[in-house]
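See below for the structure under consideration.
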Amino acid sequence: MTNQFKFLYKTCIVLLAVLATMAMGAVILLAIGAPVLKTYAVIVFDPLKNIGLISEVLIRTIPLTIIALGIAVAYRSGIINIGAEGQMAMGILATTAVALALPDLPKPLLLPLVLIAGIAGGALWGAIPGLLKAKLQVSELLSTVMLNYIAEQFYTFCLRKPFLDPAEMTTGSGTPQSMRLTKNIWLTRFVSGTRLHTGIFIAIGFAIVIYLLLWKTPFGYKMRAAGSCERAARYGGINVAKYLVIAMVLSGGFAGLAGAVEICGVHHRAIQGITGGYGFSAIVVALFGGLHPAGIIPAAFFFGLLLVGGNMTQNAVGVPANMVQVLQGVIILVIVATQMILSNTYLMERIWRKTHKEASS
Amino acid sequence: MNIIVTVLSLAISSSVALLLASIGEMINQRAGIFNLGCEGIMSMGAFLGMLVPYAVGHGGDTPEIFNFLGLLAAMAMGALLGLFFALIVVTFRAPQGIAGIGLQMFGVGAAGTLFRHFVGGTQSVPGITTAPVPLLSRIPFAGQIFFSQNALVYLAFLLVPLSWYILFKTPWGLEVRAVGTHPRAADSIGINVTRIRYQSLAVGGALAGLAGAYLSLCQAKMFSDSIVSGRGFIAVALVYFGHWQPVKIMWGALLFSLAQTFQTIIQSYGINFPYEFAVMLPYVLVIVVLAFDRESQRLGPTALGVPFDREIRT
Amino acid sequence: MDRNTRITSLRMEHITKRFPGVLASDDISLSVGDGEVLALVGENGAGKTTLMNILMGLYQQDEGKIFINGQEMRFHSPNDAFAAGLGMVHQQYMLVPNMTVTENIALGYKKAWTAWKLNLQMVRERIIEISETYGLAVDPDAYVWQLSVGEQQRVELVKTLCLGARFLILDEPTSALTPQETDELIVLLKRMTNDLSIIFISHKLQEVSELSDRVTILRHGAVVFNGNTNEHSSAEIAALMTGREIIMPENTDTSCAAQKALEIGHVNALSDRGYLALNDLNLTVHGGEIVGLAGVSGNGQRELAEVINGLRRVEKGTITFFGNDITNKTPKVIIKAGMGYIPEERNTEGIVPPFSIKENFILKDADAKQFTKGIFQDKTAIAENAAKLRTEFDIRCPSTDVAAGTLSGGNIQKVILAREITRRPKFLVAVYPIRGLDLGAAQFIHEQLLAKRKEGLGILLISEELDEILALSDRIAVIFKGHIQQVLQRSEADSRKLGMLMAGV
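Chains as they are written, first to last, in our numbering: chain A, 5 to 365; chain B, -17 to 296; chain C, 227 to 731.
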């Protein structure tokens, strides 16, 4: 079997995967009578039309990258983190709390402080499922999902009561949101006319850190060993339970950081719906990016594209924004199926033999 | 007294969605597959359940037959989604946890997209009427709680002994249990592991679809993005909690549904307690239960979550 | 094809089967006559099980035909094979543990099936009928997990007969039996040849000569020999199996036992299911000696290896290592104290399969100074180490960057051995070290073990193969139901004596 054949085979599989994704999305689009190819074009190309839109894509790339890095760390350590939404929310609450408590601290002090608070909030929320799995063997798939719902409720409560904007109370509109947070935590917007902020450098910085951590240090080696083959790792003297918890703490911390960056860079206050499904989208980003920082950054950009494009489809072709969630789900399914097909060498050999036989006979 | 009757009656009627979904999931898991996409299937079921009567009556009164057709449509779609999931995790042998999340996103997104296009807004439907059991519903206290529910409630609770019988007394049930515990043994004795798993996922999917339709047709009498709000996941947790047995799962469903009614009570009786903490209760309960019921890890179908590949030589 | 028809002839002709990267069956032809017993012999990996799985319809051959009583048969699933009168008892029993014997057999007994009801009573009656006809005592209502290995095998035999087998295939039938149980089985099978023909797979030449009429030898998926058993000696057959004269190393030294290395005192431990796996177990091993632990699989060997290495809780008792108490210490501490371990499951416990070979070599030493530069890993040092070990231990691989899981069993075991030995441990626990390996790799591993013993390393060798234990050990301990029955010097031990101890006598 030649290398040329292997390359051709794998490329074909990937192409089929892309087609399958578009076809499955098309099923829903056709059901609502939307023009399939035009919709896809709007989603993928419209957000690139001008600087303003591109900056919006980049703004979404930032939290997606950060959270996906955390999810990749957890996944490679053997634990699937579905709880990024909740961890992000908790990070936001921590950030807001610190910002509300110490509004007069100078920026060089306050900004790092609130970012750390965000990390801590998310890390704490991530530690819970980590400990539950390490000590009590509770499946993280269920515990993280439950914690998402719990965090969501707690977040709403905080916005409605302790953190409620005093201005809202006086006008009586009661929109659950905090008051505008001090400028001392705002991340600079460095492209005039857009909302693009310096958080992007934080994202890139952490991508490099994660790469070094996982692939260049003994610590990362042990985490990956624990995630690849838990038994052999244990037999090798690696404290799998410890690394599991650390992985979840890191993962949660990243989600919390993303939340903090969102507050400091984009919204400048805590509002409803601020997590915007990033926690789930980041899972797809992590998978799509091959669980590696080099892949996650472009993947995050692509999904930022989808999110912005998805918002535009309602006006452009009458397709509700929920369609993006459909595509994300399809992409996950296609990725996991394709990974299995690609790793099935038996199938590849059978096809080689079939085509080889036809050619020679 | 009145409040107790209301609470218990409400607990029973709002346990149906959980019960149907978990019995379906129990069958999946007994065959060795866990389907986290249950939530997505329920969403689609919820949408289809109310779509049919809405399409006919636009929120006004419709003949019961259309409610029935809505339920049927939900079940059919649920079975279809179950089969689709089977393709991914049985034929392609993809990891079940993450694939389930993919299915969940697909189902929730599709339901939302289709709803906004075909119905939109906060349209409601009259839903299924109550069907009090003649004579029995007149029993004071018990009659109101147990026998004044709608037809689906009775059906759901009948499903408990029925599913027990199917699983433990029929050949198909035997095959399902063998496939979930020792698929290699089942395979070597001529049982088609793939066929059994596809069938279980179809049945589980149909029940999840029905559960979703119950939510929109009978409970909320409308559809919204948050109509399922985690019940699909709770249903999966219930299967562990109920040790893969129908009766225990039923008690679990009742318990969680009771926790959920807590929130309604606060609202109806205007008690001064932060609403959000009441809503949290069922989810916290799930975690508490999972944390303290270590037994269940050992009792599950041994091959749960492991894809079967005959060609893998040990 | 009527199930009750006697099978007077079975032929497999020119069977070829390919798996990824391996030609499992290469133009294999064999035949079995009426009431004959054919032994299918070969090293591990020769393709015996694959061939039988094809015969049973579990795999489909790529080329070739199967004839029963002169008629060509196409088996698309085991059901077809059953319908033709074939039955197989696999090496690893195909019984669902948490179902009763009756339910297990009902799974295949389609006569008892109707759409809505399972007639277990009918199955039960059939089981009793077969049991009495052939003298195979089984309890229809017992749960499989309650049965011993020998009892489970009887259930498997009854199962095939209930399903109408007129031809039996047995894959390594005596691998998990004591010598006495083996004798009983051979007597039973001889009796059954009145009604059935048998193919049995074995690598134990003693049984081959006792039981079989003819023998077919496979090597690397092809037939290298076909003949009458009584015309050839075991030595000839062994040579044909391997293609060369392999002489397995033997320990001929007198014991040079030094100080006590490992002392296990009154240890109790539980199995995964919560039962008592180790029961007041006492054992001492000295430096420079090999203690072989003989026993039927499932009597606590796994649990013993695990408690020594800190992978399982010791409920009662102590384990002392060179004078230090290591009871219930973490694996990391025990490894640091100088314990080496070659685990039972090389693929899932010994290596991290997706990691490269060179990464696997440093599994226990990721933090070690020689493999780190500051907070980073020293990739050069890791690669150099891998290259050195690859040559020293003759590990066959395209490079040390390939995933360890892609290697053959023998090479994986060499990776594990290399890693353990070069760490200069003070003691080694080796569990089934040559299980599933070809004789070449096995010879290498035994040579290494004996060499290290000479250097003063104490070794606890846990194995199911009495040959291996008798060849290598200075002293032999027999484990039964988690307790050491007796410890013998090598000179006092033979397989009969050991067999009795292994059975608890």
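We put the beta carbon where it would ideally sit given N, CA and C, even for glycine.
Where does G491/C fall in DSSP's three states? Note: G491/C maps to strand in three-state DSSP.
Using a beta-carbon distance below 8 Å, is K230/B in contact with chain C? No, no contact with chain C.
Check the C-beta distance from A195/B over to L51/B and give it rounded, since I have them as a contact under 8 Å. So it is not a contact: roughly 11 Å between Cβ atoms.
Taking only the alpha-carbon atoms, compute the straight-line gap between I247/B and S(-5)/B and give it to the nearest angstrom. C-alpha separation (whole angstroms): 15 Å.
Can Q378/C and Y335/C be called in contact, C-beta distance under 8 Å? Not closer than 8 Å, so no.
How would you call F139/B, buried or exposed, if buried means at least 16 neighbouring beta carbons within 10 angstroms? When all chains shown are included, F139/B counts as buried.
Against chain B, does A310/C count as a neighbour if the rule is that its beta carbon must be under 8 Å from one of theirs? With a threshold of 8 Å between beta carbons, A310/C makes no contact with chain B.
Let me see if you follow: with CB-CB separation under 8 Å, is S365/A close to chain C or not? Low confidence applies here, because S365/A scores a pLDDT of 45, under 50, leaving its location unreliable; read the following figure in that light. It does not: the Cβ of S365/A has no partner Cβ on chain C nearer than 8 Å.
Determine the burial state of S365/A: buried for a count of at least 16 other Cβ atoms within 10 Å of its Cβ, exposed for fewer. Because S365/A sits at a pLDDT of 45, beneath the cut-off of 50, its placement in the model cannot be relied upon, and the point is left open.
Element boundaries [alpha helix (DSSP H), containing V266/B]: Start and end: 257 to 274.
Have a look at the DSSP bridge pairing and note the partners of Q685/C. Correcting the residue identity first, residue 685/C is Ile in this sequence and not Gln. Paired residues: I516/C, L654/C.
Going by alpha carbons, who is nearest to R292/B out of L346/A, G313/A, Y350/A? When only C-alpha atoms are compared, the closest one is Y350/A.
Where I178/B and I70/B are concerned, what is the direct C-alpha to C-alpha distance, given to the nearest angstrom? Looking at the two C-alpha atoms, the distance is approximately 15 Å.
Kindly say whether K175/C, judged by its beta-carbon, lies nearer than 8 Å to any beta-carbon of chain B. Because chain C here runs from 227 to 731, residue 175/C falls outside it and cannot be looked at.
Let me confirm a value: Y567/C is counted as buried when at least 16 other C-beta atoms fall within 10 Å, else exposed. Which label applies? Using a 10 angstroms sphere on the CB of Y567/C, the tally of other CB atoms reaches 16 or more, which defines it as buried.
Under 8 Å (Cβ pairs) to chain C, residues found in the segment 130 to 154 of chain B: Across the segment 130 to 154 of chain B, CB contacts with chain C closer than 8 Å involve K151, T152, P153, in sequence order along the chain.
If we count the other Cβ atoms within 10 Å of its Cβ and call it buried at 16 or more, is M87/B buried or exposed? The residue is buried, with at least 16 neighbouring Cβ atoms inside 10 Å.
So does G187/B have its beta carbon nearer than 7 Å to some heavy atom of the ligand NAD? Summarising the ligand content, the structure contains no ligands, and the ligand NAD is consequently not present.
DSSP-derived helix/strand/coil call for W154/B: Helix at W154/B.
Among residues of its own chain, excluding the 5 on either side of A133/B, which ones have a beta-carbon nearer than 6 Å to its beta-carbon? Cβ within range, chain order: A113.
Per DSSP, which residues does N454/C bridge with? Please list them. Residue pairing of N454/C in beta bridges, as defined by DSSP: R440/C.
At a Cβ cut of 8 Å, what residues of the segment 242 to 272 of chain C count as close to chain A, listed as they run along the chain? Only R244, F245, P246, G247 from the segment 242 to 272 of chain C bring a Cβ to less than 8 Å from some Cβ of chain A.
Following the continuous beta strand (DSSP E) through R244/C, name the residue where it begins and the one where it ends. That run of the beta strand (DSSP E) goes 236 to 245.
For a contact meaning CB atoms closer than 7 Å, what does N326/A contact in chain B? Result: G91, G94, T95, R98.
Using DSSP's beta-bridge definition, name the partner residues of D732/C. Look at the range of chain C in this structure, 227 to 731, and you will see that residue 732/C is not part of it.
Inter-residue Cα distance where the pair is I331/C and I83/B: Computed Cα separation, rounded: 38 Å.
Return yes when the Cβ of L68/A is within less than 8 Å of the Cβ of Y282/A, no when it is not. Closer than 8 Å, so yes.
Starting from S187/C, find everything on chain B with Cβ-Cβ shorter than 7 Å and list it in chain order. This structure cannot speak to residue 187/C, because chain C is shown only from 227 to 731.
Taking the alpha carbon of Y147/B as the point to measure from, which residue in V229/B, G103/B, I269/B has its own alpha carbon closest? Taking each of V229/B, G103/B, I269/B in turn and checking the Cα distance to Y147/B, the smallest one comes out for V229/B.
How is the alpha helix (DSSP H) around G311/C delimited, first residue to last? Careful: G311/C lies outside any alpha helix (DSSP H) and carries neither H nor E.
Return the residues of the segment 308 to 332 of chain C that lie within a Cβ-Cβ distance of less than 7 Å from chain A, sorted by chain order. Residues passing the 7 Å Cβ filter: none.
Leaving aside the five residues before and after V18/A along the sequence, list all residues of the same chain whose C-beta is less than 6 Å from its C-beta, in chain order. The beta carbon of V18/A sits closer than 6 Å to no other beta carbon from its chain once the five residues preceding and following it are set aside.
Quick one: what does DSSP say R722/C is sitting in, helix, strand or coil? For R722/C, the secondary structure class from DSSP, reduced to helix, strand or coil, is helix.
Q201/B to G224/B span [Cα, whole Å]: The alpha-carbon separation between Q201/B and G224/B amounts to approximately 24 Å.
Put Y225/A into one of helix, strand or coil per three-state DSSP. Y225/A: helix per DSSP, three-state reduction.
Can you name the start and end residues of the alpha helix (DSSP H) that D252/C belongs to? Not the alpha helix (DSSP H): D252/C falls in the beta strand (DSSP E), residues 248 to 258.
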